[in-house]
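**Q** Going by numbering that gives the first Met the number 0, 347 is the number at position 348 of the sequence shown; the sequence numbering is gapless.
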Amino acid sequence: MTTDSRTALDRVPCTIVTGFLGSGKTTLIRHVLENARGKRLAVIVNEFGDVGIDGEILKGCGIDTCPEENIVELANGCICCTVADDFVPALDAILARTPKVDHILIETSGLALPKPLVQAFHWPAIKSRVTVDGVVAVVDGEALASGRVAHDHDALAAQRAADDSLDHDDPIEEVFDDQIACADLVLLTKADLIDDAGQAKARAALDAELPKGVRVVSVTEGRIDPALLMGLGIGTENDIENRKTHHDDELDHDHDDFDSFVVEVPEITDPAEFSARVARAADEADVLRVKGFLPVAGKSMRLLVQAVGPRVAHHFDRPWGEGARTGRLVAIGLKGLDRAKVEAILAGASVAA
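See the structure below:
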């Protein structure tokens, strides 16, 4: 159905894209935007931390079917915790756009629990206007093939052993399990980095946790036919109470298990050398995720840096805008992440063990 023939009673479908830190959600959404086939899209991007990096990656891509004003960022707060304050106004802004959007993509933060967000689609201010077309969980296939969802589970096990109060599963596993429990479709990313045996191991791990009938699709660099993601027509909000998660008995939840902060970085000269520092921060300071933009001497383009544990990628994405070329990286880790140590490593200093 085209926008012109849509009646006032029709609800705009929303696809919720969830997944752990660095699993490939933003890469996936950018591919969908670039292959929308005329469908008018809008994106709500949620970040954990003070700086919206993922929204910046998506903005300014020159995609006619999803202009910059159709990308709404919700930074410094998890969308599953701030539905009333942030999510409803963001939807209001998008639904007021002209021409009207055909589909909304919602990228949650890597720490978000999908269930509270899906439940919000029952709210009177929401339910008559939008519906959850489906929940897509993006999973790091390389990590899962290695038996983990984060780069350093030994560190998490050591933390649990040292703290008698941690009588539940580690927070990373809980977030991952809750995301999988709510999924209508799972995308196993980084398929090019694992062999057939790794694929089989990753899929076996998912099969042990997934609700019956949920499809798993392997992808590389987010390349997938958008028709597989949009148009599922599931109406997930109508079934969400049947999807059991770790946090079903909680009236509210927080993210006190995690810390995040922004590191200011001056102009660098060697992207490869700086990437090695980022990898060191993962190994020596237990940083789970790093992402941000850096200025490089002699280059007019900004350098996008993204890391999941010690696995670091970087490329020049587009020219710096007007104003100062300011390097800023968001670092995310478990509670107690040593900011001074992370900053020292990224500055190239030797840090005592």
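Yeah, the Cβ is synthetic: ideal placement off N, Cα and C, and Gly gets one too.
1. Going by DSSP, name the residue or residues bridged to PHE260.
2. Taking the alpha carbon of ALA89 as the point to measure from, which residue in ASP206, ASN45 and GLY230 has its own alpha carbon closest?
3. Residues in its own chain within less than 7 Å of ARG276 by CB, not counting five upstream and five downstream?
4. Answer yes or no: do VAL100 and ILE125 have a C-beta to C-beta separation smaller than 8 Å?
5. Between which two residues does the alpha helix (DSSP H) harbouring SER274 extend?
6. By the 10 Å Cβ neighbour count, where 16 or more other Cβ atoms means buried, how is THR26 classified, buried or exposed?
7. Tell me, please, whether the region 15-24 touches the region 203-214 by the rule of three or more beta-carbon pairs shorter than 8 Å.
8. CA-CA distance, VAL134 and GLY297?
9. With distances taken from CA atoms, which of GLY109, VAL129, GLN118 and THR244 is nearest ASP91?
10. Per the contact definition of three or more C-beta pairs closer than 8 Å, is the region 185-194 in contact with the region 138-145?
11. Do ILE223 and ASP132 count as a contact pair if the criterion is CB distance below 8 Å?
12. Going straight from the alpha carbon of ALA182 to that of VAL213, what length do you get?
13. Would you tell me roughly how many angstroms separate the C-alpha atoms of ARG96 and LEU32, rounded to the nearest one?
14. From GLY332 to ILE103, what distance separates their C-alpha atoms?
15. In terms of alpha-carbon separation, which member of VAL311, HIS121 and ILE43 lies closest to THR107?
16. Cutting at 6 Å between CB atoms, please list the residues of its own chain near CYS65, excluding the five before and the five after it.
17. If you run the structure through DSSP and keep just helix, strand and coil, what is VAL213?
18. Three or more beta-carbon pairs under 8 Å between the region 108-116 and the region 173-180, yes or no?
19. Would you mind stating whether LEU353 and VAL137 have Cβ atoms separated by less than 8 Å?
20. Take THR219 and list the residues in its own chain whose beta-carbon comes closer than 6 Å to its own, dropping the five residues that flank it on each side.
21. Express the C-alpha separation of GLY23 and VAL117 in angstroms, rounding to a whole number.
22. What does DSSP give as the partner residue(s) for GLY133 in the beta ladder?
23. What's the gap between the Cα of SER349 and the Cα of GLN305?
24. Taking the beta strand (DSSP E) that HIS102 falls in, what are its first and last residues?
25. Could you spell out the range, first to last residue, of the beta strand (DSSP E) harbouring HIS314?
26. Starting from ALA41, trace the beta strand (DSSP E) in both directions and tell me its first and last residue.
27. Would SER259 pass as a contact of VAL215 if the rule is Cβ separation under 8 Å?
28. Look up ALA306 in the DSSP assignment and give the residues it is bridged to.
29. Between ALA226 and ALA35, what straight-line distance do the alpha-carbon atoms span, to the nearest angstrom?
30. Measuring only the C-alpha atoms, how far is VAL29 from GLY335?
31. Along the chain, where does the alpha helix (DSSP H) that runs through THR25 open and close?
32. I'd like to know whether the C-beta atoms of GLY326 and LEU293 end up nearer to each other than 8 Å.
33. Taking the C-alpha atoms as reference points, what is the distance between ARG324 and VAL264?
34. Which value, in whole angstroms, describes the spacing of the CA atoms of ALA201 and SER145?
35. Once DSSP output is grouped into helix, strand and coil, what is the label at ILE267?
36. At what residues does the beta strand (DSSP E) containing VAL185 begin and finish?
**A** Taking the coordinates as given:
1. Numbered from 1 along the sequence shown, position 261 holds the residue referred to as residue 260. When DSSP reads this structure, PHE260 sits in a beta bridge with ALA330.
2. Counting from 1 along the sequence shown, the entry for residue 89 is found at position 90. Residue ASN45 is the option with its Cα nearest to ALA89.
3. For this step, residue 276 is matched to residue 277 along the sequence shown. Excluding sequence neighbours, ARG276 sits near ILE344, LEU345 and GLY347.
4. Position 101 of the sequence shown, counting from 1, holds the residue named residue 100. Position 126 of the sequence shown, counting from 1, holds the residue named residue 125. No. Outside cutoff.
5. Within the sequence shown, the letter at position 275 stands for residue 274. Residues 270-284.
6. As a first step, residue 26 is located in the sequence shown; it is residue number 27 there, counting from the start. THR26 should be labelled buried.
7. No, because fewer than three Cβ pairs between the region 15-24 and the region 203-214 fall closer than 8 Å, the two stretches do not touch.
8. Residue mapping note: residue 134 aligns to position 135 of the sequence shown, counting from 1. Residue mapping note: residue 297 aligns to position 298 of the sequence shown, counting from 1. If I take the Cα positions, the gap works out to 43 Å.
9. As a working mapping, residue 91 is identified with position 92 in the sequence shown. Of GLY109, VAL129, GLN118 and THR244, the residue nearest in Cα terms is VAL129.
10. Yes, the region 138-145 touches the region 185-194.
11. Within the sequence shown, numbered from 1, the residue matching residue 132 stands at position 133. Within the sequence shown, numbered from 1, the residue matching residue 223 stands at position 224. With contacts defined as CB atoms closer than 8 Å, ASP132 and ILE223 fail to qualify as a contacting pair.
12. Working through the sequence shown from its first residue, we reach residue 182 at position 183. Working through the sequence shown from its first residue, we reach residue 213 at position 214. Computed Cα separation, rounded: 7 Å.
13. The count along the sequence shown starts at 1 and reaches residue 96 at position 97. The count along the sequence shown starts at 1 and reaches residue 32 at position 33. Roughly 17 Å separates the two Cα atoms.
14. Residue 332 sits at position 333 when you count from the first residue of the sequence shown. Residue 103 sits at position 104 when you count from the first residue of the sequence shown. One Cα belongs to GLY332, the other to ILE103, and the distance between them is close to 30 Å.
15. Stepping through the sequence shown from its first residue, residue 107 is reached at position 108. Comparing C-alpha distances from THR107 to each of VAL311, HIS121 and ILE43 shows the shortest one belongs to ILE43.
16. Your numbering for residue 65 matches position 66 in the sequence shown. In this prediction, CYS65 scores a pLDDT of 46, lower than 50, which makes its location untrustworthy; no coordinate-derived value is stated.
17. As a working note, residue 213 is residue 214 in the sequence shown. Reduced to three states, the DSSP call for VAL213 is coil.
18. With three or more CB-CB distances shorter than 8 Å, the region 108-116 counts as touching the region 173-180.
19. There is simply no residue 353 to check, as the chain begins at 0 and stops at 352 in what is shown.
20. As a first step, residue 219 must be located in the sequence shown, where it is residue number 220. So the list reads ALA190 and ASP191, once near-sequence residues are dropped.
21. Here residue 117 refers to the residue found at position 118 of the sequence shown. Here residue 23 refers to the residue found at position 24 of the sequence shown. About 21 Å.
22. To locate residue 133, count along the sequence shown from 1; it is residue 134. The partner list for GLY133 (beta bridge, DSSP) reads THR14.
23. Position 350 of the sequence shown, counted from the start, is the residue given in the question as residue 349. Position 306 of the sequence shown, counted from the start, is the residue given in the question as residue 305. When rounded, the distance between both Cα atoms is 22 Å.
24. Position 103 of the sequence shown holds residue 102. Unbroken beta strand (DSSP E) run through HIS102: 102-106.
25. As a working note, residue 314 is residue 315 in the sequence shown. Counting along the chain, HIS314 sits inside the beta strand (DSSP E) bounded by residues 310-318.
26. For the purposes of this step, residue 41 is taken as residue 42 along the sequence shown, with counting starting at 1. For ALA41, the enclosing beta strand (DSSP E) has its first and last residue at 40-45.
27. On the sequence shown, residue 259 is found 260 positions in, with the first residue counted as 1. On the sequence shown, residue 215 is found 216 positions in, with the first residue counted as 1. Taking the C-beta atoms as reference points, VAL215 is found no nearer than 8 Å to SER259.
28. Numbered from 1 along the sequence shown, position 307 holds the residue referred to as residue 306. Secondary-structure assignment with DSSP links ALA306 through a beta bridge to VAL289 and VAL311.
29. As a position in the sequence shown, residue 226 is number 227, starting the count at 1. As a position in the sequence shown, residue 35 is number 36, starting the count at 1. For ALA226 and ALA35, the distance between alpha carbons rounds to 9 Å.
30. For the purposes of this step, residue 29 is identified with residue 30 of the sequence shown, where counting begins at 1. For the purposes of this step, residue 335 is identified with residue 336 of the sequence shown, where counting begins at 1. Here residue 29 is Arg; the residue named in the question, Val, does not match the sequence. Their Cα atoms are separated by approximately 33 Å.
31. For the purposes of this step, residue 25 is taken as residue 26 along the sequence shown, with counting starting at 1. Bounds of the alpha helix (DSSP H) holding THR25 are 24-33.
32. Here the question's residue 326 lines up with position 327 in the sequence shown. Here the question's residue 293 lines up with position 294 in the sequence shown. Yes; because the gap between Cβ atoms is below 8 Å, this pair is in contact.
33. As a working note, residue 324 is residue 325 in the sequence shown. As a working note, residue 264 is residue 265 in the sequence shown. Take the alpha-carbon of ARG324 and the one of VAL264: they are about 10 Å apart.
34. Against the sequence shown, residue 201 aligns to sequence position 202. Against the sequence shown, residue 145 aligns to sequence position 146. Those two C-alpha atoms are separated by around 8 Å.
35. Against the sequence shown, residue 267 aligns to sequence position 268. Residue state, collapsed to three classes: strand.
36. In the sequence shown, residue 185 corresponds to position 186, counting from 1. Segment 184-188, the beta strand (DSSP E) holding VAL185.
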